[in-house]
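Asker: Okay, here's the structure, questions in a sec.
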Amino acid sequence: MIGPKAIIHLDRLIHNYHEIKRYVGDVPLMTVVKANGYGHGAVPVAQALQKEGVTFFAVFTIEEAKELRENGIIGDILIFSRMNREFVEAAADLNVTLILSQKEDIEILKDLFQRTHKRPKVHLKIDTGMTRLGIPYEDAQNIINDLMYSPEIECEGIYSHFATADEGDPSYAKWQFDRFNKVLKIMGKMKFLVKYRHFSNSGAILNLPESKLDIIRVGMLLYGAYPSNEVPHLLDIKPVMEFVAPIVTVRRVLKGTFISYGGKYKTNKETNIGVIQCGFADGFPRPWYVDGYVLYKGEKFKIAGRVCMDQLTVDFGNVIPQVNETVLLMGKGEHGSLLVEDIGQKIDSTPYVLFTAIGGRTERIFVDK
Ligand SMILES: Cc1ncc(COP(=O)(O)O)c(C=O)c1O
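Once you know that position 304 of the sequence shown is 305 in our numbering, the rest is easy, because the numbers rise by one and skip nothing.
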């Protein structure tokens, strides 16, 4: 098929997994494969990790969990989204774990138990400062008390989520971690013990190693990118994705020629303009055209003018690439790298946004050397 391709190097994923394990030591990893494995393909990614010994995965929706189960993932799966009456029974049937993030969730689980005698496992989510999902920090003690007297609910874990773990200044993350520790202390005093206490993500692995606790939820580092350029780059991780697209035509144009929509790019000399079959509908970051470039045989060539829905144009100067050859748009290829972190920084975006956007007509190809 002609068009953009995301070549997913599973060998690099496995390398990253072992590199993270080497760095964090004896703490197991809950590998986060939500949003189609951050755009890398949740099923092949989870299957490769399971082969390597991973026994805990995280996704966002029940549908994502179901897809993993249907494709042979047998380990624990935590669903990050808010619990809902609509899917609690399905969660129990799939043996996946839910989060308990609101007082009302207790009633949902009790009703389910009364109707069916089913008890999906839950992890209690405490909001220590993200102000999104979670039991407000101030209410934690009351909820724990409720759970102590709710044998219909099987609480296997407790966790919280950092708002700023990947930022240069760790003070807010430290404050959140202090609050979480206070909750854990209260739990200890109440003798309410759970199997898993967790908080750390990719940013915290690097910025706040003391927050690793019983299990680490890790996403971005597995895919071979740093969550931001503000965290220390301490690991030998490799970009798992190689995002490429074919050159479909090349033409010589005169000095002073306007290229693409809006005429934002005007050639300053006679030059070769190539058309690449990948556009913003395939997940190519449109704002990147301002300063952006692609790699052809390891050399940088400037994106010429606005990225279109299905195509983008590149100024190849006096180089004459062949039709059907490919350019590297993002990630690590045979001849070089174009790091997603760097693109993110240039266009005020993040690796999370850039990876999960990749889709449209992009074909994913899985390789394992
Ligand atoms: C609740 C939760 N935990 C962990 C992660 C993993 O974060 P990271 O990809 O930075 O490791 C995410 C990702 O967004 C998340 O939402």
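Where a beta carbon is used, it is the ideal one built from N, C-alpha and C, also for glycine.
Does any heavy atom of ligand 1 sit closer than 7 Å to the C-beta of F81?
Answerer: Indeed, a heavy atom of ligand 1 lies less than 7 Å from the Cβ.
Asker: What residue range is occupied by the uninterrupted beta strand (DSSP E) comprising G250?
Answerer: Looking at the sequence shown, residue 250 is not Gly but Thr. T250 -> beta strand (DSSP E) spans M242 to V254.
Asker: Cβ of G220 versus every heavy atom of ligand 1: is any distance shorter than 7 Å?
Answerer: Within the cutoff, so yes.
Asker: Give me the DSSP bridge partner(s) of S212.
Answerer: Looking at the DSSP assignment, S212 forms no beta bridge with any residue, so it has no partner.
Asker: For E20, which of W289, K239 and M131 has the nearest alpha-carbon?
Answerer: With distances taken between Cα atoms, E20 lies closest to K239.
Asker: At least one CB of chain B closer than 8 Å to the CB of R287: is that the case?
Answerer: No chain B appears in this structure, which consists of one protein chain only.
Asker: Considering only the alpha carbon of each residue, which of S151, M188, K213 and M149 lies closest to A166?
Answerer: With distances taken between Cα atoms, A166 lies closest to K213.
Asker: Does the distance between the C-beta of V34 and the nearest non-hydrogen atom of ligand 1 fall short of 7 Å?
Answerer: No, ligand 1 has no heavy atom inside 7 Å of this Cβ.
Asker: I'd like to check one pair, Q278 with D311: are the Cβ atoms closer than 8 Å?
Answerer: In this structure, Q278 lies closer than 8 Å to D311 by Cβ.
Asker: For a test of your reading of the model: does the CB of N202 fall under 7 Å from any non-hydrogen atom of ligand 1? Yes or no.
Answerer: Answer for N202: yes, Cβ within range of ligand 1.
Asker: Tell whether a beta-carbon distance below 8 Å holds between K6 and T363.
Answerer: Yes, the pair counts as a contact, with Cβ atoms nearer than the cut-off.
Asker: Can you tell me whether DSSP reads E55 as helix, strand or coil?
Answerer: Note that residue 55 corresponds to Val in the displayed sequence, not to Glu. V55 falls in the coil class under three-state DSSP.
Asker: Run through the DSSP bridge pairs and tell me what K303 is partnered with.
Answerer: Note: K303 sits in a beta bridge opposite Y294.
Asker: Return yes when the C-beta of P228 is under 7 Å from any heavy atom of ligand 1, and no when it is not.
Answerer: It does: the Cβ of P228 is within 7 Å (strictly closer) of some heavy atom of ligand 1.
Asker: Verify the contact flag: H41, CB atom, against every heavy atom of ligand 1, threshold strictly below 7 Å.
Answerer: Incorrect: H41 has no Cβ contact closer than 7 Å to ligand 1.
Asker: To test your reading of the DSSP string, which unbroken alpha helix (DSSP H) runs of 4 or more residues are found completely within the region 77–145?
Answerer: Fully enclosed alpha helix (DSSP H) runs of 4 or longer: 86–95 and 104–117.
Asker: So which of I321, I107 and R120 has the shortest CA-CA distance to F302?
Answerer: Ranking I321, I107 and R120 by Cα distance to F302 puts I321 first.
Asker: Quick one: is the Cβ of H118 within less than 7 Å of any heavy atom of ligand 1?
Answerer: No, the beta carbon of H118 sits no closer than 7 Å to any heavy atom of ligand 1.
Asker: What span of residues does the beta strand (DSSP E) with R218 cover, start to end?
Answerer: Here the beta strand (DSSP E) through R218 covers I217 to V219.
Asker: Say yes only if the C-beta of H234 is nearer than 7 Å to one or more non-hydrogen atoms of ligand 1, and no if none qualify.
Answerer: No, ligand 1 has no heavy atom inside 7 Å of this Cβ.
Asker: Answer yes or no: do F181 and T129 have a C-beta to C-beta separation smaller than 8 Å?
Answerer: Contact flag set, yes.
Asker: In this structure, does DSSP put H336 in helix, strand or coil?
Answerer: Three-state DSSP puts H336 in coil, outside helix and strand.
Asker: Classify F181 as helix, strand or coil using the three-state DSSP reduction.
Answerer: F181: helix per DSSP, three-state reduction.
Asker: Could you round the C-beta distance between F259 and L209 to whole angstroms and report it? I think they count as a contact, below 8 Å.
Answerer: No, F259 and L209 are not in contact; Cβ-Cβ is about 50 Å, not under 8 Å.
Asker: Taking D77 as the reference, which of I216, P233 and S201 has the closest Cα?
Answerer: Closest by alpha carbon: I216.
Asker: Using DSSP with H/G/I as helix, E/B as strand and the rest coil, what is Y353?
Answerer: Looking at Y353 - three-state DSSP - the assignment turns out to be helix.
Asker: Under 7 Å Cβ to Cβ from P233, same chain only, skipping five residues before and after it: list those, please.
Answerer: Contacts found: L207.
Asker: Since Y160 and H199 should fall inside the 8 Å C-beta cutoff, what is the C-beta to C-beta distance between them, to a whole number of angstroms?
Answerer: 4 Å between Cβ atoms; contact.
Asker: Closest to L99 by CA distance: which of L134, H336 and E342 is it?
Answerer: Checking every option, the nearest Cα to that of L99 belongs to L134.
Asker: Considering only C-alpha positions, which residue in the set G280, K35 and K192 is nearest to P247?
Answerer: The shortest C-alpha separation from P247 is found at G280.
Asker: Compute the Euclidean distance between the alpha carbons of S261 and K122, then round it to the nearest angstrom.
Answerer: Distance between the alpha carbons of S261 and K122: 54 Å.
Asker: If we ignore side chains and look at the alpha-carbon of each, how far apart do L110 and G264 end up?
Answerer: Approximately 59 Å, taken between the alpha carbons.
Asker: Taking 8 Å as the cut-off, decide whether the C-beta atoms of V44 and L69 are in contact.
Answerer: Yes, they are a contact pair.
Asker: Could you give the DSSP three-state label for V328: helix, strand or coil?
Answerer: If DSSP states are grouped into helix, strand and coil, V328 belongs with the strands.
Asker: In angstroms, rounded to a whole number, what distance separates the CA positions of T62 and I154?
Answerer: Near 21 Å, if we compare the C-alpha coordinates of I154 and T62.
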